[in-house]
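Shown next, in structure tokens, is the structure this report addresses.
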Amino acid sequence: MNRGAVVLVVLLAACGSSGNGDGGQGPPPGPSPGPGTQNPCATALTGNEADVSTGDEILGTVAARIRDQGLQAVSIPDKGTLVDGNPRGRALEGLWLHRAAEERRQRALAPPVTAPAPADADVGDIAVLQDQGDLILPANIFDLRATGLRFTRSGGGYDVTKIDASFRTPLGSRIILTDDDSARRDVPFGFSFYGRTQSAAFVNSDGNVTFGEEDKASTERNVSRLLTGPPRVSPFLADLDPSSGGKVFVNTSSDQYTVTWCGVRGFDSTDGTTTQLTLLPDGTIELKYGDTVTLPDAVVGLSPGRTGDFTPVDLSRAPVSGTGAVGERFAGAGTLDTVALSKRFYASHSDSYDQILFWTDQRIIRDAFSYELTVSNDVRGLGIDLYDLSSEYGSPGRLRSVVVMDCVCKFPDNPKTKFLGENNALSVMGQEVGHRWLAYLNFRDRNGQTSDALLGRDLAHWSFFFDSDASVMEGNDIEDLGGGQFRTVAAVERYSLLDQYAMGLIPPSRVPPFFYVEGATAVPSRERDSAPDVGVRITGTKREVLIEDVIAVNGARSPSSASAAKVHRQAFVYVVGRGRTASPSQIDKVDTFRRAWETFFEEATDGRMTAVTELK
């Protein structure tokens, strides 16, 4: 189930398929119906195709539906700010988006001569950037219907050509998959994928096959997941739910391994996809698409897994080639090019900022409220990889993070007005700014095992059942009533002492013991990834955690609080859409938030850190 995802879009040209061309190669091995043959999924969806499933699979389906119905019954439509639990992956996704957009611009004809766009300028301490068609990117519409693609190994990547789109038959045996589900179906031959032989394969409900490990997480189905997850073939990576409509089939033999998603619907949607994946013994991969794909958002491509090497391509223009991960991101709505935004900002400003906050004059983000990208991390002990992509974002070396707050129009004029659950504008900013350091900490539990029980949504926020001292990073301030009874009494007010340790503001010795509630049940019902809420009764077992337990898993924070920075420099940027005029009232509103934020940040860190937001 998609519990809110930040959708980042790769902009590529939308071109039609080119008939039944197969790139000059011979016919694909294995049985394949000829052109004009009815797609076998049409028959399969009428119930005439044999369904093969075990009793355990059926019982698992029923149990999963009951579970998911319970989750849906207590879900909160807008849970506030969202971020994926893989900071490096999110920054890489921003680069994928930007490189794809640059590739299209290089192919595009010169634009017609028009009146010059308004120049970028600073209005007080707000930098104003004017989109000229390069900052706010339009949608990348799915254009692979009734298309077949063949991926052939070439050096460090793959060559992609077009082939006949007819699906292979027979479809094979049906496997029962629910929402966010996976089933192991091994490849019966040694399949060479990016130079490594793979046989252990998992068919995931979300339109992809992974090697070596399953992937049924409910986090975003995006380029980040393609790049940083396990090795993957992705004919249609999207939030799919086979239990709500459609069927999934697997057919394996000595000469082919084929998985077909027939009319599988998107989560909580009547739109769906029909696609087929085939692996061949010589290492070739085929992806084919029906003519009724209606879901607008998906990632199509291949990845060796856990990589930063990639080539975004326009698959509709095949033949194309790429090194590393190869593919295309489709989306039905536009997005911000965060790399282009950052580079534009640095064209007129010095490298003096740890973080940039972008505000827009129109709603851009879907399925989320705001998000943060950590572009560089040099701090050990946070549960985050060490990496530096700052130069790719236009910074000579200082930039650590960018935050996209989205349209200033979404926020009340008074930054202290509560409007998003327990949040106000300042606490939303507090969470997004805090993602530069938080919240990714695992710990050593009472059994000596590594645990993520402190974490909630996307493993990047505190759990609802963690006594986070009303951290802006979620969780709650939980009162222990005794006898295994608890109550939430406050939320999203400050950075806790554990937060401040991760931010480098206090030493470990200043972090008191803290706790979470194990085996928790709540009234009203809540899950660990639920948004903070005051007044909820909880029953469970209190489990105390020491900072030593956190350090045992993540290592000590380095640099320590003795040398870590205590001043956080930020730039506030207002982005004006193409053909639009900067609104003085919106700029004033952003500036009001900026000034209120400085006070809030100092108070939220107990005076231990200062946010400096003036433009140099």
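Numbered per our numbering, the sequence shown spans residues 4 to 619.
Virtual Cβ for every residue (Gly too), placed ideally from N, Cα, C.
Thinking residue i and residue j are a contact (beta carbons under 8 Å), I'd like their distance in whole angstroms, please.
| i | j | result |
| --- | --- | --- |
| Tyr356 | Leu402 | 6 Å |
| Val406 | Gln358 | 7 Å |
| Ser202 | Lys219 | Going by Cβ atoms, the distance from Ser202 to Lys219 rounds to 20 Å, so no, they are not a contact pair. |
| Gln279 | Arg171 | 7 Å |
Could you work out which residue in the options is closest to residue i when comparing CA atoms only?
| i | options | result |
| --- | --- | --- |
| Gly92 | Val495, Pro233 and Ala203 | Pro233 |
| Arg597 | Trp362, Gly293, Glu216 and Asp532 | Trp362 |
| Ile2 | Arg611, Leu462, Gly269 and Cys412 | In the structure displayed, the chain extends from 4 to 619; residue 2 sits before or after that span and is not available. |
| Glu605 | Ser404, Arg531 and Tyr498 | Tyr498 |
| Thr155 | Val212, Leu290 and Arg447 | Leu290 |
| Asp448 | Arg460, Ala555 and Asn427 | Ala555 |
| Ile368 | Trp465, His101 and Ala334 | Ala334 |
| Tyr374 | Ile139, Leu339, Arg347 and Tyr396 | Leu339 |
| Pro535 | Val126, Ala494 and Ser528 | Ala494 |
| Val212 | Leu392, Asp480, Val303 and Val539 | Val303 |
| Pro399 | Lys413, Gly330, Ser237 and His352 | His352 |
| Gly487 | Ala442, Phe252 and Tyr519 | Tyr519 |
| Thr314 | Pro238, Leu229, Pro245 and Tyr396 | Leu229 |
| Ala124 | Ser394, Thr608 and Arg347 | Arg347 |
| Arg383 | Pro43, Ala328, Ser561 and Ser176 | Ser561 |
| Trp440 | Ala47, Pro90 and Thr46 | Pro90 |
| Val262 | Pro307, Thr277 and Thr273 | Thr277 |
| Thr297 | Ser563, Ser256, Ala149 and Gly159 | Ala149 |
| Gly193 | Leu100, Ala130, Arg177 and Pro284 | Pro284 |
| Gly158 | Ala186, Arg583 and Ala328 | Ala328 |
| Gly97 | Gly582, Gly311, Leu444 and Ser563 | Gly311 |
The beta strand (DSSP E) that contains residue i, what's its start and end?
| i | result |
| --- | --- |
| Trp264 | Gln259 to Arg268 |
| Phe333 | Ala328 to Phe333 |
| Glu547 | Arg540 to Val548 |
| Ile368 | Premise fails: Ile368 is in no beta strand (DSSP E) and is neither H nor E. |
| Lys250 | Lys250 to Ser256 |
| Glu435 | Run containing Glu435: none in the beta strand (DSSP E); it sits in the alpha helix (DSSP H), Ala428 to Gly437. |
| Ala525 | Phe517 to Val526 |
| Val441 | In the sequence as displayed, the identity of residue 441 is Leu instead of Val. Unbroken run through Leu441: none, as it is neither H nor E. |
| Asp176 | The sequence as given places Ser at residue 176; Asp does not occur at that position. Unbroken beta strand (DSSP E) run through Ser176: Ser176 to Ile178. |
| Gln201 | Arg199 to Gln201 |
| Ile129 | Ile129 to Gln133 |
| Ala614 | Thr613 to Val615 |
| Ser195 | Phe194 to Phe196 |
| Thr314 | Phe313 to Pro315 |
| Asp125 | Ala124 to Val126 |
Here's the rule: buried if 16 or more other CB atoms are within 10 angstroms of the residue's CB, otherwise exposed. What is residue i?
| i | result |
| --- | --- |
| Thr181 | buried |
| Val436 | buried |
| Asn417 | exposed |
| Asn450 | exposed |
| Leu462 | buried |
| Lys619 | exposed |
| Arg531 | buried |
| Asp381 | exposed |
| Gly507 | buried |
| Trp600 | buried |
| Gly198 | exposed |
| Ala94 | buried |
| Glu216 | exposed |
| Ala559 | exposed |
| Val116 | Here Val116 scores only 43 on pLDDT, less than 50, and its place in the model should not be relied on; the value that follows carries that caveat. Its Cβ having fewer than 16 others within 10 Å, Val116 is exposed. |
| Gln452 | exposed |
| Ala614 | buried |
| Val570 | exposed |
| Gly249 | buried |
Looking only at DSSP bridge pairs, what is residue i linked to?
| i | result |
| --- | --- |
| Glu2 | With the chain represented from 4 up to 619, any question about residue 2 goes unanswered, as that position is not in the structure. |
| Glu477 | Trp465 |
| Leu229 | Leu229 pairs with nothing; no bridge assigned. |
| Val212 | Val206 and Val236 |
| Ala561 | It should be noted that the sequence gives Ser, not Ala, for residue 561. Ser561 pairs with Arg383. |
| Ser628 | Past the edges of the chain, shown from 4 to 619, lies residue 628, and the structure says nothing about it. |
| Glu375 | Val406 |
| Glu482 | Arg490 |
| Thr363 | Cys410 and Val578 |
| Gly325 | Tyr161 |
| Tyr356 | Paired residue(s): none; Tyr356 is not in a bridge. |
| Gln573 | Gln358 |
Which residue marks the beginning of the alpha helix (DSSP H) containing residue i, and which one marks its end?
| i | result |
| --- | --- |
| Ala94 | Pro90 to Arg110 |
| Cys44 | Pro43 to Ala47 |
| Val593 | Pro587 to Ala607 |
| Thr341 | Thr341 to Tyr349 |
| Gln503 | Leu500 to Ala505 |
Is residue i close to chain C, meaning its C-beta is less than 9 Å from at least one C-beta of that chain?
| i | result |
| --- | --- |
| Gln434 | No chain C appears in this structure, which consists of one protein chain only. |
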